[in-house]
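Asker: Same order as they appear, the protein sequences are chains A and B.
In terms of this note's numbering, the first sequence opens at residue 1 and continues consecutively.
In terms of this note's numbering, the second sequence opens at residue 1001 and continues consecutively.
There are 2 protein chains.
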Amino acid sequence: MAKFQKNEIQRLVNNVNKNEFSTMNRRTALEKITLLAAASALPNFIGAKAIENKHLPIAVAGNRAPLRKIATEEAFNIPEIADAIMDVVRRGGKNLDLMLLKQIYSAPRSFTSDAQLQNNQESNRDKANLVTLPKLLDIDKIRLADMDANGVDMHLLSLTMPGVQILKRETAIKLAELCNDRLSQAVRLHPTRFAGLGCFAPQDPKSAVQEMDRAINHLKLNGFIVNSHTENQYLDNPKFWPILEAAEALGAPLYIHPRAPSNGMAAPFRDYRIEGSIWGYGIETGTHIVRLIFSGVLDRFPKLQIVIGHMGEALPFWLSRLDFMGAPGARAGRKNQLKPSEYFQRNIAITTSGVEDPLALRFCIDKIGVDRIMWAIDYPYQPTAPAVAFIESAPLTEAEREKIAYINAERIFKIKK
Amino acid sequence: MAKFQKNEIQRLVNNVNKNEFSTMNRRTALEKITLLAAASALPNFIGAKAIENKHLPIAVAGNRAPLRKIATEEAFNIPEIADAIMDVVRRGGKNLDLMLLKQIYSAPRSFTSDAQLQNNQESNRDKANLVTLPKLLDIDKIRLADMDANGVDMHLLSLTMPGVQILKRETAIKLAELCNDRLSQAVRLHPTRFAGLGCFAPQDPKSAVQEMDRAINHLKLNGFIVNSHTENQYLDNPKFWPILEAAEALGAPLYIHPRAPSNGMAAPFRDYRIEGSIWGYGIETGTHIVRLIFSGVLDRFPKLQIVIGHMGEALPFWLSRLDFMGAPGARAGRKNQLKPSEYFQRNIAITTSGVEDPLALRFCIDKIGVDRIMWAIDYPYQPTAPAVAFIESAPLTEAEREKIAYINAERIFKIKK
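Below is the structure:
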């Protein structure tokens, strides 16, 4: 790794400052920064002390004081759920998540060589999946080193997709409890480094509500994660209303994270590996939110707070059309009492996870307001360094940068300052 | 209609200039402008002379010379295809387009009262559908009056969705020819007011290719319209490759217009009337383009020109993520040889149809470049006046405004200057 020199880092960082980040050179720059940051981080991964230049992204900001950074869509898993998911993978079926899950969960659970580590930084994402599982299963070794190396203060942890929602009901209920216990333990061990979103089994709304209460009132977690559809049904379905009611009553945000499209919409996504983060995730999750809006459930639970990732799954871009076409009463069958943009003002916040595009960020600030946008990495599916470089260097006022980096997260997820 | 005074028009127009268009008052402003423009246009609809103030949007531009405006996604139909669609509606089935088609094609074919005309301007879009059919079936009466009243120079006409693609093969072939003959006749009658996109029956690629050749070389049309999937299959399917090859060889752009999601992805769109222009159309068409990109057909037909409406069906917003996730070779199963954004530079242009959002327009200019963006109204599904006010008043340089309003359309569709 010695071939990466500090002056090369500085040159790359200068390019970021010049906003070439958003131009034709963006991908190249990202790849280079990722590689360089990986080079910086590797000694931590294998147990050595953090190297001198560990705060690469701080350099991006010039003389500014260190920016507090709370990353809000950061995934983990526990071995017991990994086992259960592998069982589902072995059984097979038409669930569209299985393509990716098979890649990730068939891989070794721990790093065995430097060669594997380096694979993670290559452009070929199939290879990258070979080293995702060890990072998911780790809480305070690889992860904390990566956070330290990149100047990340806190991960808001959440059980990775598709959570327990792909498991059989009884297993899902049991493993959600175990997962929340483990998560709460990690947060207690590292209260300044981790916060957490509890999971639950929507397959059984009654027990889900009990677990939601325990997660907030007993385990002191910061909200909930749900991975879009459950058994091909969406949260507007009345059977799930107790879950929405509980989230509202507990004052705890519900992060609606992607998973691959439900079976009823899966067909065109089965080719060319477009089912996942590249396209299907956003379509699945965006459609979920559109259903919530036009089903009227956000009128039934007016204080419910929903968070969606990936720069709002493109909904901010669609918002003017949604408003124009979707005024209350525009069509029989729709039940929304407000304009879609009014729900964004009241019920919906977004995170930047995996969309490190200054133009898209500026668009979202102008469209839905800076107070409803939070920074995220999407660790370990996305590399940390470009996400950090993005929030450190995006063309924002310092007030905007601080809101997005941590202030909004502290408020929305009730994270201790 | 006398209650709408010129000073009120001027006040509204001033508000547009102040860019309040994009703020909280946008919907209200749009509704008012639409109503006022309708008031201006009505005398034309019923045969009277154009009223003095017919060029309302020109006033928006202050002292600037009149802006040439070519609208590029403007729908029409012919009675024979309307009959055939009504037959399909009567047979029923699970095709998701049927919800909207039933509303539109069950309505009377001609205006019968002023009351109906006024319904078209109400926010309730179900009522608006009652007066869509007469406007679709008209070429040179209601339409030309609406164009005159709003200062629109030209409609690039195209057979309305779902075209002949919903019909049985033999019927589709025959009616596509008839439709192209009628279209070419309208263009010959009004060569400065109309240009046209030919249709074809993808159900039968061999005859489609013959009709495509006739449409360009004999009828002198300007390109082609296809309404996304045909019998639930997309244009990346090898059976459709002769169509892509013909479009490329003829140097004629292929406008991929929305229709409701194909059966294989329809399930979550069946509730709350989210299947159409409000959400399903964009998802269907965006997914179609994503399939074309990752199937590699744009490498097979590198000169193929594709046009998509509705501000690019949100693909420009997704482009940084598509690039990050979708580099060539990123996953087995994908066949793209270029980055997604490189296809946008080479093969894909967008129109503004129905997305009158200055923020979204600016985003797209910054992301894909002003040379690949064209103005459109989406007549008669969208009102003309707000679309005109949008292109006249959006915060653009005059060079940008002219490119979007007509220069790009003249180049891409080979429209006579």
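Cβ atoms here follow ideal geometry from the backbone N, Cα and C, with glycine treated the same way.
#1: For Leu178 (chain A), does the count of other Cβ atoms within 10 angstroms reach 16, so buried, or fall short, so exposed?
#2: Quick one: which chain A residues come within Cβ less than 7 Å of Phe1317 (chain B)?
#3: Specify, as a first and last residue, the run of the alpha helix (DSSP H) that Met1099 (chain B) falls within.
#4: Quick one: is Leu1298 (chain B) near chain A, going by C-beta distance under 8 Å?
#5: Could you say which of B:Arg1091, B:Pro1242, B:Ser1295, B:Thr1132 lies nearest to Ser1110 (chain B) if we only look at CA atoms?
#6: Based on DSSP bridge pairs, tell me the residues matched to Ser1158 (chain B).
#7: Helix, strand or coil: how does DSSP classify Val418 (chain A) here?
#8: Rounded to whole angstroms, what is the Cα-Cα separation between Ser1353 (chain B) and Arg270 (chain A)?
#9: Is there a Cβ from chain B that is less than 8 Å from the Cβ of Pro268 (chain A)?
#10: Which residue comes first and which comes last in the beta strand (DSSP E) that contains Thr1351 (chain B)?
#11: In chain order, what residues of the segment 319-333 of chain A put their CB closer than 9 Å to some CB of chain B?
#12: Just curious, the beta strand (DSSP E) that His1218 (chain B) is in, first and last residue?
#13: Output yes or no for whether 8 Å exceeds the beta carbon distance between Ala1186 (chain B) and Met1212 (chain B).
#14: With a cut-off of 8 Å on the beta carbons, I'd call Leu298 (chain A) and Asp1366 (chain B) a contact; round off their distance for me.
#15: Kindly indicate which three-state DSSP category Ala1308 (chain B) falls into: helix, strand or coil?
#16: From which residue to which residue does the beta strand (DSSP E) around Tyr255 (chain A) run?
#17: Looking at chain A, is there any beta carbon in it that lies within less than 8 Å of the beta carbon of Gly1092 (chain B)?
#18: Please check the pair Ile1274 (chain B) and Phe294 (chain A), which I expect to be a contact at CB under 8 Å, by giving their CB distance rounded to whole angstroms.
#19: Closer than 7 Å by C-beta to Asp236 (chain A): which residues in its own chain qualify, once you throw out the five before and the five after it? Chain order, please.
#20: Taking all protein chains shown into account, do 16 or more other C-beta atoms lie within 10 angstroms of the C-beta of Pro1268 (chain B), making it buried, or fewer, making it exposed?
#21: Only counting the same chain, and skipping five residues up and downstream in sequence, which positions put a Cβ closer than 8 Å to that of Gly326 (chain A)?
#22: Throw me the rounded Cβ distance for the Met1374 (chain B) and Ile1348 (chain B) pair, which I believe falls under 8 Å.
#23: If the cut is a Cβ gap below 8 Å, which residues of chain B does Lys367 (chain A) touch?
#24: As an exercise, report each continuous alpha helix (DSSP H) stretch of at least 4 residues that is fully enclosed by the segment 295-381 of chain A, in chain order.
#25: Below 7 Å on C-beta distance, what does Gly1309 (chain B) contact in chain A?
#26: Less than 8 Å between C-beta atoms, sequence neighbours within five positions excluded: which residues of the same chain meet that for Asp1323 (chain B)?
#27: Kindly indicate if chain D contains any beta-carbon less than 8 Å away from that of Ser1262 (chain B).
#28: Run down chain A in chain order and give the residues with a C-beta less than 7 Å from the C-beta of Val1000 (chain B).
#29: With DSSP collapsed to three states, give me the class of Phe224 (chain A).
#30: Name the chain B residues that come within less than 8 Å of Glu356 (chain A), Cβ to Cβ?
#31: When burial is assigned at 16 or more other CB atoms within 10 Å of the CB, is Ile1231 (chain B) buried or exposed?
#32: Name the DSSP bridge partner or partners of Gln1233 (chain B)?
#33: Could you spell out the range, first to last residue, of the alpha helix (DSSP H) harbouring Ser393 (chain A)?
#34: Would Ile1368 (chain B) pass as a contact of Met1311 (chain B) if the rule is Cβ separation under 8 Å?
Answerer: On the basis of the supplied data:
#1: Per the 10 Å Cβ criterion, exposed.
#2: Residues of chain A passing the Cβ test: Ala314, Phe317, Ala360.
#3: Residues 1098-1105.
#4: Leu1298 (chain B) does not count as touching chain A.
#5: Shortest Cα-Cα distance from Ser1110 (chain B) to any of B:Arg1091, B:Pro1242, B:Ser1295, B:Thr1132 involves B:Thr1132.
#6: Beta-bridge pairing links Ser1158 (chain B) to B:Ala1075, B:Leu1197.
#7: Because chain A in this structure spans residues 1 to 417, residue 418 (chain A) falls outside the shown range and cannot be described.
#8: Using only the alpha carbons, I get a separation of about 30 Å.
#9: Chain B contact via Cβ: present.
#10: That run of the beta strand (DSSP E) goes 1348-1351.
#11: Against chain B - using a Cβ distance shorter than 9 Å - the residues of the segment 319-333 of chain A are Leu319, Ser320, Arg321, Leu322, Asp323, Phe324, Met325, Gly326, Ala327, Pro328, Gly329, Ala330, Arg331, Ala332, Gly333.
#12: Unbroken run through His1218 (chain B): none, as it is neither H nor E.
#13: No.
#14: Rounded, the Cβ-Cβ distance is 32 Å, inconsistent with contact.
#15: Checking the sequence, you will find Ile at residue 1308 (chain B) rather than Ala. The three-state secondary structure of Ile1308 (chain B), taken from DSSP, is strand.
#16: Segment 254-257, the beta strand (DSSP E) holding Tyr255 (chain A).
#17: So, not an interface residue.
#18: Indeed they touch by this definition, with Cβ atoms about 6 Å apart.
#19: Hits under 7 Å: Arg291, Leu292, Ser295, Val297.
#20: Pro1268 (chain B) should be labelled buried.
#21: Hits under 8 Å: Ile293, Phe294, Arg334, Asn336, Lys339, Pro340.
#22: Actually they are not in contact, since the Cβ atoms of Met1374 (chain B) and Ile1348 (chain B) sit about 12 Å apart, beyond 8 Å.
#23: At a beta-carbon threshold of 8 Å, the residues of chain B lying near Lys367 (chain A) are Leu1359, ordered along the chain.
#24: Taken in chain order, the complete alpha helix (DSSP H) segments of 4 or more residues contained in the segment 295-381 of chain A are 297-300, 310-313, 315-325, 340-346, 358-368.
#25: Per Cβ cutoff of 7 Å: no residues; Gly1309 (chain B) is ~11 Å from chain A at best.
#26: Apart from sequence neighbours up to five positions away, the residues of its chain that approach Asp1323 (chain B) with a beta-carbon distance below 8 Å are Lys1339, Pro1340, Ser1341, ordered along the chain.
#27: Absence of chain D from the displayed structure is noted, the protein chains being A and B.
#28: What the structure shows of chain B is the stretch from 1001 to 1417, and residue 1000 (chain B) is not part of that stretch, so it cannot be assessed.
#29: Shown here, Phe224 (chain A) sits in a strand according to DSSP, grouped into three states.
#30: Close partners of Glu356 (chain A) in chain B (Cβ separation under 8 Å): Ser1320, Phe1324.
#31: Reading off the sequence, residue 1231 (chain B) comes out as Glu, not Ile. Glu1231 (chain B) should be labelled exposed.
#32: Paired residues: B:Thr1230.
#33: Per DSSP, Ser393 (chain A) belongs to the alpha helix (DSSP H) from 384-393.
#34: Going by C-beta atoms, Ile1368 (chain B) is not nearer than 8 Å to Met1311 (chain B).
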